[in-house]
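Asker:
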Amino acid sequence: MTTGSLTVPRRTRFRLPRRQVPVLATLALLLVMYGIGVSQYTAFSNVQVIFNVFIDNGFLLVVAVGMTFVILTGGIDLSVGSVVAMTAMVSADLLQKGLPAALVLVIALLIGPTLGLLMGCAIHFFDIQPFIVTLAGMFFARGMCTFISGSSIPITDGFWTRMSQERIGDPRGNFVSISVLIAFAVVLVAAYVLAYTRLGRNVYAIGGNPQSALLMGLPLGRTRIAVYTISGLCSAIGGILLSFYTLSGAPLIAVGMELDVIAAVVIGGTVLTGGSGYVFGTVLGVLVLGVIQTLITFDGSLNSWWTKIVIGGLLFAFILLQRLIGIRYK
Amino acid sequence: MTDSRPVLTMTGISKSFPGVRALHDVNFRLFPGEVHALMGENGAGKSTLIKVLTGVYDTDEGAITLHGEPVSFTGPMQATAAGVSTVYQEVNLCTNLSVAENIFIGREPRLLGAVRWGEVRRRARALLARLDLDLDVSAPLGSYSLAIQQMVAIARAIDIQARVLILDEPTSSLDAGEVAQLFRIMRQLRDEGIAILFVTHFLDQVYEIADRITVLRNGGLVGEYPTAELPQLSLVEKMIGKELDVLEGIEEHSRRDLAELEEGTPLVAVSNLGRAGAVAPFSLTIHAGEVVGLAGLLGSGRTEVARLFFGADRADGGQVAIDGTSSSLRTPAQAIDQGVGFCSENRRAEGIVPELSVRENIILAMQAARGWLRPIPRRRQDELVDKYVKALNIRPADPEVPVRNLSGGNQQKVLLARWLITEPRLLILDEPTRGIDIGAKTEIQRLVTQLSDGGMAVLFISAELEEVLRLSHKVAVMRDRQMVAQLANDEGLDAERIMQTIASGSHREEVDR
Ligand SMILES: Nc1ncnc2c1ncn2[C@@H]1O[C@H](COP(=O)(O)OP(=O)(O)OP(=O)(O)O)[C@@H](O)[C@H]1O
Ligand SMILES: [Mg+2]
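In structure tokens, the structure reads:
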């Protein structure tokens with residue numbers, strides 16, 4: 006390969022691409038679940054079923070992408086569900102007050118990242134556990150929702166309704182919503198950032214070993230603050246998508262969503278301690294959650310709590326898998 | 160060479176940690192085009208001086224100038240940007256990233272903001288070729304041994320276009336070939352006018368490469384000397400602050416005859432033990448009271464043999480007999496049960512618990528062996544810990560400080576003490592004297608001798624052949640992941656013959672099997 010002489014024997018051990026194993030496992034799982042669906046219910050093979058999964062979970066996907074950044078650095082962001090709700094609430098409220106849609110969009114998109122930035126600063130400068138800081142952020146944002154209004158606010162704005170109802174489809178009648186396209190755009194941008202930019206690579210380095218990253222001269226603080234800001238931005242976009250979807254803002258919507266998001270990211274193969282994972286895995290993780298839901302609705306006889314039970318089991322299995330890989334991969 | 164002006168000066172540097180005065184009024188200068196050795200015992204303050212320089216720690220007092228301008232770096236990022244490139248003492252890279260990325264992260268070649276991965280890999284390969292390394296640059300760094308990780312860290316540092324290169328014990332896990340390669344590059348850089356600060360505990364290396372020496376002792380400056388004017392003996396005296404007679408004692412211990420030792424049933428006998436891709440099947444016997452040295456180059460499979468003995472890796476096949484009865488060593492727990500102790504080379508990843516105190520770290524293995532339901536009485540703990548803190552000269556001698564706050568060499572001593580107090584029947588020492596100053600090194604060698612005289616079997620791995628020769632009754636030679644010879648350590652055996660065996664892989668002189 007090179008002209009250098011061979012003083013070190015090449016590694017002879019067969020090398021499975023360890024870091025890809027969890028993602029491959031998720032992919033396999035997804036295919037199996039889809040297979041089960043198709044074999045049980047004829048309607049399941051309809052492409053629209055998959056499209057619906059994306060339509061119903063577009064906002065979840067966007068938020069999960071942000072969470073992937075945070076978890077890759079070894080952190081956690083518990084505030085995402087509340088920030089999603091707060092963004093939807095603020096949009097609904099401002100629209101109701103008659104502000105133009107464009108201005109509302111800008112404001113709504115600024116709130117999440119600002120909160121993320123503040124949380125990131127608190128985590129970095131005061132050296133507080135992300136768990137605690139974002140827990141505080143979660144209560145704050147949820148409080149703001151009820152502060153704005155105790156009950157849900159409908160959205161009647163023209164732009165919002167258009168975004169909500171627009172269907173982008175093929176001639177055979179299958180379609181997706183605009184939200185899905187936005188979600189895909191977010192995924193592509195995020196994947197690019199993680200794979201090809203310094204910010205993205207620093208995220209992996211910090212998740213691998215923060216102390217080393219610091220001694221290698223990488224901007225530890227800046228990167229940490231950036232990931233919480235990115236997560237805030239993704240939550241804001243997610244909030245807007247959710248308001249497109251429901252055409253309202255409700256103070257108690259998306260309660261506990263942060264847990265679904267974390268589950269999706271982990272099932273997607275990102276290691277909770279940081280340093281390993283892909284956005285593509287997160288997409289698969291979200292799909293797994295969505296397909297489970299769909300399977301259970303198709304069945305009809307099963308209680309929707311089964312979704313939670315299955316997700317719980319899967320989560321456990323995947324963390325176990327990561328652990329097993331982690332032990333062998335030092 | 161040194162008649163130009165210094166590129167770097169540090170004056171009146173003081174730095175205290177809670178309860179420890181790590182540096183006190185230290186002066187240091189570095190000239191362009193010189194290799195400057197910073198010497199001192201474990202805990203003398205060498206790494207602290209470096210970290211103060213690069214801004215990892217703030218100074219309490221003192222001033223630093225670079226190219227005549229006062230500087231005060233806020234961290235490694237700034238220091239690197241100003242042309243000060245550092246390899247810190249413990250390998251500080253990210254094992255989850257690829258080899259190539261570890262070399263270039265933070266300064267990747269980019270096109271419109273996008274990292275050019277092809278270019279990164281190509282340049283990484285070229286750079287490693289300069290160090291005579293041929294690695295799969297897209298493999299995660301963690302899949303390579305510590306020694307290779309150390310070489311990668313060095314590759315990263317020399318590629319940064321720096322005026323000052325700082326290497327804190329870069330050679331601790333390298334063997335002779337790698338060191339030669341590194342020195343070749345260091346000379347080349349020096350001739351290009353780069354100033355190099357070099358820390359090591361190997362005196363030979365200092366005399367081979369350094370132009371000047373600065374000695375620290377207990378956080379204070381002893382002096383700065385041209386290497387040519389400071390004979391080895393006085394260097395050691397300056398480092399330890401007393402006459403050298405302490406060190407004379409060790410030399411030849413009454414080496415018992417190998418034949419006599421090997422009478423009776425071996426304590427551990429393995430045959431055809433091996434693991435695909437790690438070590439080819441080998442057979443080896445170790446008797447009570449015997450020290451078996453394991454010699455070989457970097458990556459030759461030394462550590463892999465040790466891991467098989469301890470059950471840290473599982474063997475593919477082969478038999479194990481302990482005290483003559485067939486047995487197995489499939490997991491570390493099993494090995495510990497059978498009285499095997501393993502002091503790993505990778506102390507940071509596999510050994511030290513940084514948050515726990517020295518005392519807690521030392522009693523860890525012993526407590527585990529007894530089971531957690533039978534705590535060791537505190538009095539007994541203190542006695543034992545005191546004994547080993549003294550014997551190994553662990554500093555600070557306060558057993559209650561967290562291990563995190565100890566210097567690298569002192570952490571190594573703590574780890575060693577942990578296994579020594581369990582008094583295993585077979586103790587595996589993988590590079591136990593790495594990063595340890597010569598006073599303590601002698602002490603450790605003496606301990607090994609004492610313990611083996613007392614009936615403990617020892618499997619001793621070291622890159623330093625002199626050390627292997629001094630301690631072992633029998634030397635097993637590894638090459639390319641095979642055990643190519645087992646040589647009795649009699650008058651005829653010297654470092655040169657071991658090197659020859661490594662080079663030729665001769666099978667002729669086996670003593671048993
Ligand atoms: N972060 C820290 N907190 C408290 N004490 C520290 C810290 N780092 C170093 N020390 C103490 O400062 C002193 C000097 O340590 P330093 O690491 O500079 O030694 P060293 O000369 O590099 O030794 P070695 O050869 O073992 O690497 C030691 O007594 C050590 O215990
Ligand atoms: Mg040091």
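Protein sequences, first through last, are from chains C and H.
6 is the number of the first residue of the first sequence in my numbering; add one for each residue after it.
160 is the number of the first residue of the second sequence in my numbering; add one for each residue after it.
C-beta: ideal position from N, C-alpha, C; glycine also.
These numbers come from a predicted model, not from an experiment.
What's the gap between the Cα of V274 (chain H) and the Cα of L286 (chain H)?
Answerer: Using only the alpha carbons, I get a separation of about 18 Å.
Asker: If you check the beta carbons only, do P256 (chain C) and M94 (chain C) fall under 8 Å apart?
Answerer: Result yes, Cβ atoms of P256 (chain C) and M94 (chain C) sit closer than 8 Å.
Asker: In the DSSP assignment, what are the bridge partners of R269 (chain H)?
Answerer: Paired residue(s): H:V274.
Asker: Please state if the CB of V230 (chain H) and the CB of A241 (chain H) are separated by a distance shorter than 8 Å.
Answerer: Yes. Within cutoff.
Asker: Helix, strand or coil for T7 (chain C)? Go by DSSP, reduced to three states.
Answerer: Low confidence applies here, because T7 (chain C) scores a pLDDT of 34, under 50, leaving its location unreliable; read the following figure in that light. Here T7 (chain C) sits in coil by DSSP.
Asker: If you draw a straight line from the C-alpha of A635 (chain H) to the C-alpha of T233 (chain H), how long is it?
Answerer: Their Cα atoms are separated by approximately 49 Å.
Asker: Would you say N214 (chain C) reaches chain H, if we count a Cβ-Cβ gap shorter than 8 Å as a contact?
Answerer: By this cut-off, N214 (chain C) is an interface position.
Asker: What residues of chain C sit near C253 (chain H), judged by a beta carbon separation below 8 Å?
Answerer: The answer, in chain order, is Y209, A210, G213, N214, S217, A218, M221, G280.
Asker: Is P561 (chain H) close to chain C, meaning its C-beta is less than 8 Å from at least one C-beta of that chain?
Answerer: No - not a single Cβ of chain C is within 8 Å of the one on P561 (chain H).
Asker: Would M236 (chain H) count as contacting chain C if we go by Cβ distances under 8 Å?
Answerer: At least one chain C Cβ lies under 8 Å of M236 (chain H).
Asker: So for R584 (chain H), helix, strand or coil by DSSP?
Answerer: Here R584 (chain H) sits in coil by DSSP.
Asker: Using the C-alpha atoms, what's the distance from G42 (chain C) back to S306 (chain C)?
Answerer: So the two alpha carbons sit approximately 15 Å from each other.
Asker: Under 8 Å: do the stretch 241-254 of chain H and the stretch 295-313 of chain H share three or more Cβ pairs, one atom per stretch?
Answerer: As far as the Cβ criterion goes, the stretch 241-254 of chain H touches the stretch 295-313 of chain H, which means the pair count is three or higher.
Asker: Here's the rule I'm using: 16 or more other beta-carbon atoms within 10 Å means buried, otherwise exposed. How should I368 (chain H) be labelled?
Answerer: It counts as buried.
Asker: Using only the heavy atoms of ligand 2, determine whether one of them is closer than 7 Å to the beta carbon of D327 (chain H).
Answerer: It does: the Cβ of D327 (chain H) is within 7 Å (strictly closer) of some heavy atom of ligand 2.
Asker: Beta-carbon separation of I399 (chain H) and E200 (chain H) under 8 Å?
Answerer: Yes. Within cutoff.
Asker: Below 7 Å between beta carbons is the criterion; list the residues of the stretch 252-284 of chain H that meet it against any residue of chain C, in chain order.
Answerer: So the list reads L252, C253, T254, N255, L256, E260, I264, G265, E267, G272, A273, V274, R284, given in the order they occur along the chain.
Asker: With which residues is P440 (chain H) paired in a DSSP beta bridge?
Answerer: Partner(s): none; P440 (chain H) has no beta bridge.
Asker: Does the beta carbon of V405 (chain H) come closer than 8 Å to any beta carbon on chain C?
Answerer: Summary for V405 (chain H): the model assigns pLDDT 49, below 50, so the residue's position carries little reliability, and this model does not support an answer.
Asker: Output, in chain order, the set of chain C residues within a Cβ distance shorter than 8 Å of Y384 (chain H).
Answerer: Near Y384 (chain H) there are no residues of chain C at all, since even the closest Cβ is about 30 Å away, more than 8 Å.
Asker: Cβ of Y216 (chain H) less than 8 Å from any chain C Cβ?
Answerer: Answer no: the Cβ-Cβ gap between Y216 (chain H) and chain C never drops below 8 Å.
Asker: Suppose you measure from the CA of D653 (chain H) to the CA of L515 (chain H); what does that come to, to the nearest Å?
Answerer: Roughly 42 Å between the two C-alpha positions.
Asker: Could you give the distance in angstroms between the alpha-carbon of Q497 (chain H) and the alpha-carbon of S281 (chain C)?
Answerer: The alpha-carbon atoms of Q497 (chain H) and S281 (chain C) are separated by roughly 38 Å.
Asker: With 9 Å as the C-beta to C-beta threshold (strictly closer), list the residues of the stretch 185-210 of chain C near chain H in chain order.
Answerer: From the stretch 185-210 of chain C, only Y197, A200, Y201, T202, R203, G205, R206, N207, Y209, A210 have a Cβ closer than 9 Å to chain H.
Asker: Tell me whether Q101 (chain C), by its Cβ, gets closer than 7 Å to a heavy atom of ligand 4.
Answerer: Here the bound small molecules are ligand 1 and ligand 2; ligand 4 is not part of this structure.
Asker: With contact counted as at least three CB pairs below 8 Å, one residue from each stretch, are the stretch 590-604 of chain H and the stretch 465-476 of chain H in contact?
Answerer: The stretch 590-604 of chain H is not in contact with the stretch 465-476 of chain H.
Asker: Pop quiz: T119 (chain C) and D82 (chain C) are said to be a contact at Cβ under 8 Å. What is the actual Cβ separation, rounded to whole angstroms?
Answerer: So it is not a contact: roughly 14 Å between Cβ atoms.
Asker: Label R461 (chain H) either buried or exposed according to how many other C-beta atoms from any shown protein chain fall within 10 Å of its C-beta, with 16 as the threshold for buried.
Answerer: The residue is buried, with at least 16 neighbouring Cβ atoms inside 10 Å.
Asker: Find out if the Cβ-Cβ distance for the pair S486 (chain H), A492 (chain H) is shorter than 8 Å.
Answerer: Cβ atoms of S486 (chain H) and A492 (chain H): not closer than 8 Å.
Asker: Is S206 (chain H) near ligand 2 - that is, is its Cβ less than 7 Å away from at least one heavy atom of it?
Answerer: Yes, Cβ of S206 (chain H) sits closer than 7 Å to a heavy atom of ligand 2.
Asker: Using three-state DSSP, classify K174 (chain H) as helix, strand or coil.
Answerer: In the structure shown, K174 (chain H) sits in a strand (DSSP, three-state: E or B).
Asker: Can you tell me which of the three DSSP states L652 (chain H) falls into?
Answerer: L652 (chain H) falls in the coil class under three-state DSSP.
Asker: Going along chain H, which residues have a C-beta under 7 Å from P224 (chain C)?
Answerer: Result: M236.
Asker: What residue ranges within the stretch 488-553 of chain H form continuous beta strand (DSSP E) runs of no fewer than 3 residues, ordered along the chain?
Answerer: With a minimum length of 3 residues, the continuous beta strand (DSSP E) runs that stay inside the stretch 488-553 of chain H are 499-502.
Asker: Between which two residues does the alpha helix (DSSP H) holding D363 (chain H) run?
Answerer: Element bounds for D363 (chain H): 362-368.
Asker: Between which two residues does the alpha helix (DSSP H) holding R227 (chain C) run?
Answerer: Per DSSP, R227 (chain C) belongs to the alpha helix (DSSP H) from 225-251.
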